[in-house]
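Below: one structure, written as C-alpha cells.
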Amino acid sequence: MPRVTYIQADGQAQEINLEAGSSLMQGAVDNMIDGIVAECGGSCSCATCHCYIDADWVDKIEPAGEMETDLLDCVSEPKDNSRLSCQVKVTDSLDGLVVHLPATQF
Amino acid sequence: MAAKSRCIIIGASHAAAQLAPTLRQQGWTGSISMISNEYFLPYHRPPLSKDYLAGAKNAEQILIRPAAIYNKCDIGITMGVTAATIDRRNKQLQLEDGMTMDYDKLVLTTGARVRKIDIPGVDLDGVFYLRDLNDAQQIKLFTGDNKRAVIIGGGYIGLETASALRKLGMQVTVLEAMPRILQRVTAPEVAAFYARIHKEEGVEIVADVQAISISGDKQVQSVQCHNGTEYKADLVIIGVGVIPNTALAEQAGLTIDNGIVVDEYARTSDENILAAGDCTSHYNPIYQRHLRLESVQNALDQATVAASTICGNLKPYSALPWFWSDQYDLKLQIAGLSQGYTDVVVRGDIEGSRSFAAFYMREGKLLAVDAVNRPQDFMFGKRLILQGNQLDPEQLADDSLPLKTLIAS
Chain D
1 MPRVTYIQAD
11 GQAQEINLEA
21 GSSLMQGAVD
31 NMIDGIVAEC
41 GGSCSCATCH
51 CYIDADWVDK
61 IEPAGEMETD
71 LLDCVSEPKD
81 NSRLSCQVKV
91 TDSLDGLVVH
101 LPATQF
Chain S
1001 MAAKSRCIII
1011 GASHAAAQLA
1021 PTLRQQGWTG
1031 SISMISNEYF
1041 LPYHRPPLSK
1051 DYLAGAKNAE
1061 QILIRPAAIY
1071 NKCDIGITMG
1081 VTAATIDRRN
1091 KQLQLEDGMT
1101 MDYDKLVLTT
1111 GARVRKIDIP
1121 GVDLDGVFYL
1131 RDLNDAQQIK
1141 LFTGDNKRAV
1151 IIGGGYIGLE
1161 TASALRKLGM
1171 QVTVLEAMPR
1181 ILQRVTAPEV
1191 AAFYARIHKE
1201 EGVEIVADVQ
1211 AISISGDKQV
1221 QSVQCHNGTE
1231 YKADLVIIGV
1241 GVIPNTALAE
1251 QAGLTIDNGI
1261 VVDEYARTSD
1271 ENILAAGDCT
1281 SHYNPIYQRH
1291 LRLESVQNAL
1301 DQATVAASTI
1311 CGNLKPYSAL
1321 PWFWSDQYDL
1331 KLQIAGLSQG
1341 YTDVVVRGDI
1351 EGSRSFAAFY
1361 MREGKLLAVD
1371 AVNRPQDFMF
1381 GKRLILQGNQ
1391 LDPEQLADDS
1401 LPLKTLIAS
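Those protein sequence lines, which keep their order, are chains D and S.
Take the first sequence: its position 79, counting from 1, is numbered 79 in this note's numbering, and each next residue is one higher.
Take the second sequence: its position 296, counting from 1, is numbered 1296 in this note's numbering, and each next residue is one higher.
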C-alpha cells in the first residue's frame, strides 16, 4: 500500500497508507484529514479537494485533464503544482508521495 | 460537556455521514448512534442514476466513508430499524421494534422519499422508482442490451437514468407530462439543449404526454398514455420528484412548513432536536427566502453547522446552493437558484455544441448559472452571484471575454 503524507497549511503532517487505485481525495476523506472537503464525492465538479503536489513528485503524476485544468484556474491560490486530489489516482509507484493542502478550499 | 451525553442521528444519509465524524472532530465526547432503516452504510446517492446504474462503480465504491471510520470515531450504527416516535418531554426515541433510546441531542437527517404515482400497473415486476441503493440494485436486474426502457418523468433523475441506460445499450423513451422536459428547473433554452442531446444519443423524448397505465402479465410489458399511444417496455422507471420525510418531526410536534423548519444553526423548534439536509426548510440569506433543497451541498454544509451547534460553537449557515448532473459527456454544474428570473443570457453555442453557460437574470443581477462543460463559468458564476452586482448582458454573452474579468475586485 503506497504511503502518502498530507501536510496542512500550518505544517502539520499526517502519513496515511492508501489502497493502490484509490484517489488522493478518497484517502484524505477516509482518514478524516482536514482541508479536503470534496463536496461532489470525486466527480470533478466542485474543486473543493484542491491540493499541491510536492515539487519532487510533480513529474511522476499523470497531468490534469481539460476539465480539471479549467477548475484549477478557479480555486483560491492556484499554483503550477495544483491538482484536484479526486483526479489523482494513487499507485505503488507513488509510494512516499507528499501532498500539501491549501489554507482554504473556498 | 458530560462524557455520557447521547447524540442520536436518524437516517444514514449524506448529512449523517458528514455530521457524525464532524461531531468527533469538534470534540463531542458523548455517544453517537446512527439509526437507519436501510441496510447499507451511508453512500453517495447521485451515482445511483449515473455511474452505479451504468456499471462504472459498485456498491462499495459509492460509500461516503469506509466502515473503519465509524469504528474509529466510535459511532454506533443500527441498520434496518425505523424510528417510530419522539417523546420530547422525556427526551426519548422509540423505535418500531419497540426499543427505547434516551437522547440529549437528536438530529433528523431523514431525507426525502419519492413521490409516487397512482396509476394501474405500478406494482408490476420491472416497474421502479429510484431513490436508494436497493432500488438501483433491483433496476440493474432488468437492464440489458437492446431491452426497452420507459422512463416516466423528464427531470434530472429521469434524464440521467436515460443516459445510463443508453450506455448499457437499452432503447430508451422518456415520457414527460409537462410541455417540455426540465420544466420546473431550467429555462426553455436549456431544456431544448438537453432534448437535442438526448435525441442525438438515441433517446426518444415525448413531452406533453401523461402515462395513464402500465400493463403486463406479472412483468411489465407496456405503458399506455392519455392520447392513446403505447410504449413497449421491459423496464419502467418513474422519477417525478420527492417529498421530504417529516412524519417523525410532525408527530413530535415540531414546526413543519414544506420540510422541517430549522434556524440558521440547524435547530428545529425544539433546541435539543436538530435537522439537516433534504428534509429541512431553512432561511437562505442570499436569496432572502425559505428553501427546501434537494442537494448534496446542502446536506453536507447543514450537517457541519449542526455538528458545531451541538458542540456549543454556533456558526450560522449561509451557503450558495449548487448542484450537478452528469449525462453522457455532459457535465452540468448549476450555481444558485433560478426561480424568479426574468431574462436568460446564453454564452456559447447552445444550439449546435455541447458546451455553454446560461445565466439567469433578474433586474440586471445574476441569480443562477447552468454551465455545461464549462467549469470556469460555473466557478466564476458563483462569485458573480454572491457579489450581487449589476451585470451587462452583452458582456455575459461574449464568449471571448473570460467571466473572470467581470468579477469586481
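All residues carry an ideal CB built from backbone N, CA and C; glycine is no exception.
Model, not experiment: these values are computed from the prediction.
Neighbour flag for residue i against chain D, beta carbons, 8 angstroms
| i | result |
| --- | --- |
| Leu-1391/S | no |
| Met-1034/S | no |
| Phe-1380/S | yes |
| Met-1001/S | The predicted model places Met-1001/S with a pLDDT of 49, which falls under 50 and marks its position as unreliable; any figure quoted below should be read in that light. Judged by the 8 angstroms Cβ criterion, Met-1001/S is not in contact with chain D. |
| Pro-1285/S | no |
| Arg-1065/S | yes |
| Lys-1331/S | yes |
| Gln-1376/S | yes |
| Pro-1188/S | no |
| Pro-1120/S | no |
| Gln-1387/S | no |
| Gln-1219/S | no |
| Pro-1179/S | no |
Proximity winner among the options, relative to residue i (alpha-carbon distances)
| i | options | result |
| --- | --- | --- |
| Phe-1359/S | Gln-1376/S, Glu-1351/S, Gly-1381/S | Gly-1381/S |
| Ala-1016/S | Glu-1264/S, Gln-1026/S, Asn-1284/S, Ala-1299/S | Ala-1299/S |
| Ile-1212/S | His-1226/S, Val-1206/S, Ser-1222/S | His-1226/S |
| Leu-1366/S | Val-1220/S, Gly-1155/S, Ile-1350/S, Arg-1383/S | Arg-1383/S |
| Leu-1165/S | Leu-1053/S, Pro-1047/S, Tyr-1039/S | Leu-1053/S |
| Ala-38/D | Asp-1263/S, Gly-1153/S, Asp-1301/S, Val-1220/S | Asp-1301/S |
| Leu-1314/S | Gln-1327/S, Gln-1251/S, Gly-1080/S, Leu-1274/S | Leu-1274/S |
| Ile-1243/S | Glu-1264/S, Gln-1221/S, Asn-1272/S, Gly-1277/S | Gly-1277/S |
| Gln-1390/S | Ala-1408/S, Glu-1230/S, Asn-1373/S | Ala-1408/S |
| Gly-11/D | Val-58/D, Gly-35/D, Val-90/D | Gly-35/D |
| Leu-1063/S | Ile-1214/S, Pro-1046/S, Leu-1291/S, His-1290/S | Pro-1046/S |
| Leu-1041/S | Gln-1061/S, Gln-1025/S, Ala-1056/S | Gln-1061/S |
| Asp-1097/S | Tyr-1103/S, Gly-1080/S, Leu-1106/S, Ala-1112/S | Gly-1080/S |
| Glu-1176/S | Val-1223/S, Phe-1356/S, Ile-1260/S | Val-1223/S |
| Asn-81/D | Ala-103/D, Cys-51/D, Ala-28/D, Asp-92/D | Cys-51/D |
| Asp-1208/S | Gln-1025/S, Glu-1201/S, Gly-1228/S, Cys-1311/S | Gly-1228/S |
| Asp-68/D | Asp-1399/S, Gly-1121/S, Met-1379/S | One detail in the question is off: residue 68/D reads as Glu in this sequence, not Asp. Comparing Cα positions, the closest option is Met-1379/S. |
| Thr-1342/S | Ala-1357/S, Phe-1356/S, Met-1361/S | Met-1361/S |
| Ile-1157/S | Lys-1050/S, Leu-1386/S, Lys-1004/S | Lys-1050/S |
| Ala-1266/S | Tyr-1287/S, Leu-1291/S, Ala-1247/S | Leu-1291/S |
| Asp-92/D | Gly-65/D, Ala-64/D, Glu-66/D, Lys-60/D | Lys-60/D |
Beta bridge counterpart(s) of residue i as assigned by DSSP
| i | result |
| --- | --- |
| Tyr-1043/S | Leu-1063/S |
| Asp-1370/S | Ile-1334/S, Ala-1358/S |
| Cys-51/D | Arg-83/D |
| Asn-1313/S | Looking at the DSSP assignment, Asn-1313/S forms no beta bridge with any residue, so it has no partner. |
| Ile-1010/S | Ile-1035/S, Leu-1108/S |
| Cys-1225/S | Ala-1211/S |
| Gly-1216/S | Val-1220/S |
| Glu-1204/S | Thr-1173/S |
| His-100/D | Ile-7/D, Tyr-52/D |
is_contact[residue i, chain S] using C-beta, thresh 8 angstroms
| i | result |
| --- | --- |
| Gly-65/D | no |
| Glu-62/D | no |
| Cys-74/D | yes |
| Ser-82/D | no |
| Leu-101/D | no |
| Glu-77/D | no |
| Val-4/D | no |
| Leu-71/D | yes |
| Gly-96/D | no |
Using a Cβ-Cβ cut-off of less than 7 angstroms, list which residues of the region 1292-1305 of chain S approach chain D; keep chain order.
Val-1296, Gln-1297, Leu-1300
If the cut-off is 7 angstroms on Cβ atoms, which residues from the region 6-31 of chain D count as contacting chain S, listed in chain order?
Val-29, Asp-30
Closer than 8 angstroms is the cut-off here; do at least three beta carbon pairs connect the region 84-97 of chain D with the region 1013-1032 of chain S?
no
Return the residues of the region 1068-1079 of chain S that lie within a Cβ-Cβ distance of less than 7 angstroms from chain D, sorted by chain order.
Ile-1069
Using a Cβ-Cβ cut-off of less than 7 angstroms, list which residues of the region 1312-1328 of chain S approach chain D; keep chain order.
Trp-1324, Asp-1326
Stretch-stretch touch, CB-based, cutoff 8 angstroms, three pairs: the region 82-93 of chain D with the region 35-49 of chain D:
Here the region 82-93 of chain D makes contact with the region 35-49 of chain D; the two share three or more CB pairs at distances below 8 angstroms.
Cβ-based contacts, 7 angstroms cut-off: residues of the region 41-59 of chain D near chain S:
Contact residues of the region 41-59 of chain D toward chain S are Gly-41, Ser-43, Ser-45, Ala-47 (C-beta to C-beta distance below 7 angstroms).
Three-pair Cβ contact test at 8 angstroms for the region 1137-1153 of chain S versus the region 1168-1187 of chain S:
yes
Taking one C-beta from the region 1346-1359 of chain S and one from the region 1307-1318 of chain S each time, how about it: are there three or more such pairs within less than 8 angstroms?
Touching, no.
Any contact of the region 66-78 of chain D with the region 3-10 of chain D, i.e. 3+ C-beta pairs under 8 angstroms?
no
Can at least three beta-carbon pairs, one atom from the region 1367-1374 of chain S and one from the region 1329-1338 of chain S, be found at a separation below 8 angstroms?
Touching, yes.
If contact is defined by three or more beta carbon pairs under 8 angstroms, each pair taking one atom from either stretch, is the region 1200-1220 of chain S in contact with the region 1122-1132 of chain S?
Taking one beta carbon from each stretch, the region 1122-1132 of chain S and the region 1200-1220 of chain S have 3 or more pairs nearer than 8 angstroms; the two touch.
Residues, ordered as in the chain, of the region 1038-1056 of chain S that lie near chain D by beta-carbon distance below 9 angstroms:
His-1044, Pro-1046, Pro-1047, Lys-1050, Asp-1051
Inter-stretch contact (C-beta, 8 angstroms, three-pair minimum) for the region 1276-1294 of chain S and the region 1111-1118 of chain S
yes
Against chain D, which members of the region 1015-1030 of chain S pass a CB distance test of less than 7 angstroms?
Pro-1021, Gln-1025
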